[in-house]
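Enquirer: Chains as they are written, first to last, in the working numbering: chain A, 1 to 273; chain B, 1001 to 1198.
Glycine residues also receive a C-beta, built at the ideal position from the N, C-alpha and C atoms.
This is the structure in structure tokens:
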């Protein structure tokens, strides 16, 4: 069992709020498709990441079905993880006995392995665009491992969203592309849903333009070489950035008003009403 | 004299309640506004409905164009925008659209739809920002009722000790004291539970 502190989760949330990220993707055959359930969305994210890793290095990275559905291949990968990163939070879990009631490995194991593979490929990747994509995969996989670790810890200790304590493998076991039912729903909190939603929405697509705005005022914009001269891309990205900045400003204004209200209530109480 | 003390206690209690009158009106007004505007079928379309607001936070953001209903087929779209509660934004564009002659018009229409929703979100957030004030006013009102019951209870007891015919007043005051303090205790316990304090 991973023992990821709640502190990490809180730090991630704070970091999310202090950084604004605007991504522009150019993608063919797009539809207004609804995001599936959290469990199926996680499966699709893992599938997309693993397929890209396999495409980049077919000899060393297994396919999604190997990673998520073949116990022998997964055990071989787990062994590599234990050998290369014995201090990894998951090493002990992977080395231990599997829960016989849960047929598939959990998402937490799959994303930990994806993260490790992406980091390994990143060290040798030459192409800039692939480096960016690999860095995103490694980063998102790490965030998902942290998130799932917190869910697993809380579910085992004292249920937050679950009525009875559950084995984390039962909660986090994937169900394949069909997304059947293990009997234990995967319920995510709003901040966890934000992370899954974003990872699912972006997938492994190459980002044409990205702007990151930090609370201290720093703004960094990345433009893919292929789109650097497109006025349409620059124009809609500028509009999208304006929308995001306005929403961000409104959010902080609301938080400011809320804090001001609370402070005024406390002040009134202190002054004897 | 007991009746003087009773009168003083009652006057203090009523005075406290009277002081809360402005807050009572403000509380009821704000509640009415909140219920009217944040209902599922609001008269005023300048704010989000409760269902829209809950979906925005629970599902990790709002997608434009709106996602199809459960079971409905997903239609092709030239733009897809995800706006998340933490402000992050993901915009996906169909490459063919960038070359289309009506690109400018379609993008303008899409941008206006997003901007309109964002304006509604802003107004809803401003409405929600008044929540602590409403909650605090509610709590002070409960405390005021408790105070009044308290004064009536003690006043009634004092009066009862002096005059036997004042017994009904003792009963009414005692009931008021119990109700006020009981309500205060329940509210306090719920607030403490919500804040995770034990």
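When you compare the CB of residue 1050 of chain B with every CB in chain A, is at least one pair closer than 8 Å?
Expert: no
Enquirer: What residues of chain B sit near residue 223 of chain A, judged by a beta carbon separation below 7 Å?
Expert: Ordered by position in chain B, no residue passes the 7 Å Cβ test against residue 223 of chain A, which lies about 14 Å from the chain.
Enquirer: Just the Cα atoms here: how many angstroms apart are residue 1092 of chain B and residue 1060 of chain B?
Expert: 17 Å
Enquirer: Shortest alpha-carbon distance to residue 207 of chain A belongs to which of A:58, A:148, A:140 and A:136?
Expert: A:136
Enquirer: What residues in its chain sit with their C-beta under 6 Å from that of residue 1108 of chain B, if we drop five residues either side in the sequence?
Expert: none
Enquirer: Relative to the C-alpha of residue 226 of chain A, which candidate in A:128, A:260 and A:204 has its C-alpha closest?
Expert: A:128
Enquirer: Determine the DSSP secondary structure at residue 21 of chain A, reduced to helix, strand or coil.
Expert: Per DSSP, reduced to three states, the secondary structure at residue 21 of chain A is strand.
Enquirer: Pick out whichever of A:213, A:209, A:257 and A:258 has its Cα sitting closest to the Cα of residue 25 of chain A.
Expert: Selected option, being the one with the closest Cα: A:209.
Enquirer: With a 10 Å radius around its C-beta and 16 neighbouring C-beta atoms as the bar for buried, classify residue 192 of chain A as buried or exposed.
Expert: By the C-beta density criterion, residue 192 of chain A is buried, having at least 16 other C-beta atoms within 10 angstroms.
Enquirer: Taking 8 Å as the threshold, find out whether the stretch 31-39 of chain A comes into contact with the stretch 230-239 of chain A through three or more Cβ pairs.
Expert: no
Enquirer: Is residue 1047 of chain B helix, strand or coil when you go by DSSP?
Expert: coil
Enquirer: In chain B, what lies closer than 7 Å to residue 143 of chain A by C-beta?
Expert: Within 7 Å Cβ-Cβ: nothing; residue 143 of chain A doesn't reach chain B, min ~13 Å.
Enquirer: Going by other Cβ atoms of all chains shown within 10 Å of its Cβ, with 16 needed for buried, is residue 1078 of chain B buried or exposed?
Expert: buried
Enquirer: Determine, using beta carbons only, whether residue 267 of chain A comes closer than 8 Å to chain B.
Expert: no
Enquirer: Roughly how many angstroms separate the alpha carbons of residue 152 of chain A and residue 1103 of chain B, rounded to a whole number?
Expert: 47 Å
Enquirer: Please name the residue, chosen from B:1058, B:1075 and B:1098, that lies closest to residue 31 of chain A on a Cα-to-Cα basis.
Expert: B:1075
Enquirer: Using only CA atoms, which one of A:42, A:261 and A:33 lies nearest to residue 1063 of chain B?
Expert: A:33
Enquirer: Go to residue 282 of chain A, then tell me how far its beta strand (DSSP E) extends in each direction, as first and last residue.
Expert: No answer is possible for residue 282 of chain A: it lies beyond the span of chain A, which begins at 1 and ends at 273.
Enquirer: Indicate the three-state DSSP secondary structure (helix, strand or coil) for residue 195 of chain A in the structure shown.
Expert: helix
Enquirer: Residues in its own chain within less than 7 Å of residue 258 of chain A by CB, not counting five upstream and five downstream?
Expert: none
Enquirer: Give a yes or no on whether 8 Å exceeds the smallest Cβ distance from residue 147 of chain A to chain B.
Expert: By this cut-off, residue 147 of chain A is not an interface position.
Enquirer: Helix, strand or coil: how does DSSP classify residue 1081 of chain B here?
Expert: Three-state result, residue 1081 of chain B: strand.
Enquirer: Output needed for residue 21 of chain A: all residues of its chain with C-beta closer than 6 Å, excluding positions within five of it in sequence on either side, in chain order.
Expert: 212
Enquirer: Determine, using beta carbons only, whether residue 41 of chain A and residue 142 of chain A come nearer to each other than 8 Å.
Expert: no
Enquirer: Assuming residue 52 of chain A and residue 133 of chain A make a contact with CB atoms under 8 Å, what is their CB distance in whole Å?
Expert: 7 Å
Enquirer: Counting only the same chain and skipping the five closest in sequence on each side, list residues whose C-beta sits under 6 Å from that of residue 1083 of chain B.
Expert: 1061, 1062 and 1089
Enquirer: Of all Cβ atoms in chain A, is any one closer than 8 Å to the Cβ of residue 1095 of chain B?
Expert: yes
Enquirer: According to the Cβ coordinates, are residue 254 of chain A and residue 1129 of chain B closer than 8 Å?
Expert: yes
Enquirer: Rounded C-beta distance between residue 188 of chain A and residue 196 of chain A? I'm assuming under 8 Å.
Expert: 6 Å
Enquirer: Could you give the C-beta distance for residue 108 of chain A and residue 149 of chain A, rounded to a whole number, given that I count them as a contact under 8 Å?
Expert: By a beta-carbon distance limit of 8 Å, residue 108 of chain A contacts residue 149 of chain A. Their separation comes to about 6 Å.
Enquirer: Return the CA-CA distance between residue 58 of chain A and residue 126 of chain A, expressed in angstroms with no decimal places.
Expert: Near 17 Å, if we compare the C-alpha coordinates of residue 126 of chain A and residue 58 of chain A.
Enquirer: State the DSSP-derived secondary structure class of residue 1089 of chain B, mapped to helix, strand or coil.
Expert: It is a strand residue.
Enquirer: With DSSP as the reference, label residue 1111 of chain B as helix, strand or coil.
Expert: helix
Enquirer: Whole angstroms is fine: what's the gap from residue 267 of chain A's alpha carbon to residue 1052 of chain B's?
Expert: 34 Å
Enquirer: Is the beta carbon of residue 246 of chain A sitting closer than 8 Å to the one on residue 1118 of chain B?
Expert: yes
Enquirer: Less than 6 Å between C-beta atoms, sequence neighbours within five positions excluded: which residues of the same chain meet that for residue 6 of chain A?
Expert: Unreliable placement is indicated for residue 6 of chain A, whose pLDDT of 47 sits below 50; the coordinate value is still reported in the next sentence. Closer than 6 Å at Cβ, skipping near neighbours: no residue.
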